[in-house]
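K.L.:
Sharing a structure with you now.
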Amino acid sequence: FAVLGARAYYVITSWNDYNYDSFYDVIAIWEGGLAIYGAIIAGAITILCVCKYKKINYKKMLDELKPDIAFILCENAQKPIVVEECAKNHNVSIINDVSGYEWDAAMLGAVVSASLPYILTHSSGPAGEGCGVSLQQVLVSLAAKMWELRQAGVADIIIDPGFGFGKSVEENYRMLASLQDFSMFDAPLIVGVSRKSMITKLLGIKPEEALAATMALNTVALEKGASILRVHDVREAVQAVAIVEALKGNF
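As structure tokens, this is what we get:
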């Protein structure tokens with residue numbers, strides 16, 4: 003049910019971006035396209051239904067599942083309360099804040115208190131919405147935030163340019179073309195372009211058709227300084243890394 007919920011949420015939220023020409027396109031889970039929030043919603047509904055049918059105390063059930071739920075939420079943290087809970091009560095090793103602590107004023111304090119490695123993402127707005135941003139603006143914004151984080155005592159920072167977050171297709175490609183400029187931060191650089199709209203909109207394809215293009219962009223990113231890739235297709239990404247390393251003489 004969680005998988006079905008993940009697919010349903012993905013289809014609903016991406017309906018305007020992709021052409022679902024048939025019922026097959028809607029249900030084709032095996033071809034990719036899942037959203038974790040849909041899985042959480044469907045999973046919660048399933049738990050409540052099972053608890054009611056089996057006459058199980060749902061509070062006790064949720065308490066048993068709390069570590070797993072917290073881990074999932076902290077993988078894509080946007081709320082300070084989630085970061086605080088994960089850092090205090092669960093074995094979480096990293097904070098992935100896609101908001102760059104822009105969406106909640108309390109997030110910076112939560113990150114500092116957590117004392118965990120932090121992925122600093124540049125975001126001009128929600129994913130897929132181009133707000134008009136230049137490479138210089140991205141670099142200046144990240145530099146200011148990195149200085150603020152260092153001053154606050156956050157030592158382990160990973161830079162994420164935020165492909166797709168508040169950037170148009172053209173802006174994303176301009177940023178990728180100049181990815182080597184992010185070396186100015188002297189920090190690990192993570193790139194996530196896997197099956198994103200910067201590919202599908204440019205080529206007029208669906209996410210499940212974007213594997214080859216994704217690998218092309220991943221290879222470019224690696225050659226321009228990316229040290230971490232955020233991917234859906236692990237095997238293919240590992241192969242791309244191996245080839246790039248071989249070109250550098252690392253066998």
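If you're matching positions, the sequence shown starts at 3 in our numbering and goes up one per residue. For each residue, glycine too, the CB sits at the ideal point set by N, CA and C.
Assuming L213 and M177 make a contact with CB atoms under 8 Å, what is their CB distance in whole Å?
P.N.:
Working through the sequence shown from its first residue, we reach residue 213 at position 211. Working through the sequence shown from its first residue, we reach residue 177 at position 175. Incorrect: roughly 22 Å between the Cβ atoms, too far for contact.
K.L.:
Tell me, please, which residues DSSP counts as bridged to Y120.
P.N.:
Sequence index remark: in the sequence shown, residue 120 carries index 118 (1-based). DSSP output for Y120 lists I97, I159 as bridge partner(s).
K.L.:
Could you give the distance in angstroms between the alpha-carbon of F73 and the alpha-carbon of G166?
P.N.:
The residue you call residue 73 lines up with position 71 of the sequence shown. The residue you call residue 166 lines up with position 164 of the sequence shown. Summary for F73: the model assigns pLDDT 48, below 50, so the residue's position carries little reliability, and this model does not support an answer.
K.L.:
Give me the residue from N93, I58, A107 with the minimum Cα distance to P82.
P.N.:
Here residue 82 is taken as the residue at index 80 of the sequence shown, counted from 1. Of the listed residues, the one whose Cα sits closest to P82 is A107.
K.L.:
Here's a check: name, in chain order, each residue in its chain whose Cβ is nearer than 8 Å to the Cβ of V246, leaving out the five neighbours to either side.
P.N.:
As a working mapping, residue 246 is identified with position 244 in the sequence shown. T221, L224, E225, listed in sequence order.
K.L.:
Measuring from the CB of L144, is there a heavy atom of the ligand SAM at a distance below 7 Å?
P.N.:
Because no ligand of any kind appears in the structure shown, any question about the ligand SAM cannot be addressed here.
K.L.:
Give every residue of the same chain whose Cβ lies closer than 6 Å to the Cβ of S180, excluding the five residues on either side of it in the sequence, and list them in chain order.
P.N.:
Reading the sequence shown from its first residue, position 178 is the one you call residue 180. For S180, where only same-chain residues beyond five positions count, the Cβ hits under 6 Å are L137.
K.L.:
Sort Y12, L6, M200, I58 by Cα distance to G45 and report the nearest one.
P.N.:
In the sequence shown, the residue the question calls residue 45 occupies position 43. For G45, the nearest C-alpha among the options comes from L6.
K.L.:
To the nearest angstrom, how far is it from the Cα of A228 to the Cα of Q241?
P.N.:
On the sequence shown, residue 228 is found 226 positions in, with the first residue counted as 1. On the sequence shown, residue 241 is found 239 positions in, with the first residue counted as 1. Those two C-alpha atoms are separated by around 15 Å.
K.L.:
Excluding the five sequence neighbours on either side, which residues of its own chain have a C-beta within less than 7 Å of the C-beta of V156, listed in chain order?
P.N.:
Counted from its first residue, the sequence shown places residue 156 at position 154. The residues are V113, V114, Y120.
K.L.:
Should A244 go down as buried or exposed, given a rule of 16 or more other Cβ atoms within 10 Å for buried?
P.N.:
Against the sequence shown, residue 244 aligns to sequence position 242. Under this definition A244 is an exposed residue.
K.L.:
Excluding the 5 residues flanking A239 on each side, which residues of the same chain have their C-beta closer than 7 Å to its C-beta?
P.N.:
For this step, residue 239 is matched to residue 237 along the sequence shown. Closer than 7 Å at the Cβ level, and outside the excluded window around A239, lie N220, L231, V233.
K.L.:
Looking at the unbroken alpha helix (DSSP H) that takes in S199, where does it start and where does it end?
P.N.:
Residue numbering aside, residue 199 sits at position 197 when the sequence shown is read from its first letter. First-last of the alpha helix (DSSP H) with S199: 199 to 205.
K.L.:
Report all residues from its chain with a CB closer than 7 Å to the CB of I143; omit the five preceding and five following residues, and keep chain order.
P.N.:
Locating residue 143 in the sequence shown gives position 141, counting from the first residue. Correcting the residue type first, residue 143 is Ser in the shown sequence and not Ile. Result list for S143: H124, in chain order.
K.L.:
Given this structure, state the Cα-to-Cα distance separating V85 from A116, to the nearest angstrom.
P.N.:
To locate residue 85, count along the sequence shown from 1; it is residue 83. To locate residue 116, count along the sequence shown from 1; it is residue 114. Computed Cα separation, rounded: 7 Å.
K.L.:
What does the Cβ neighbour count give for A146, buried or exposed, with the cut at 16 atoms within 10 Å?
P.N.:
Indexing the sequence shown from 1 puts residue 146 at position 144. Counting Cβ neighbours within 10 Å, A146 comes out exposed, since fewer than 16 surround it.
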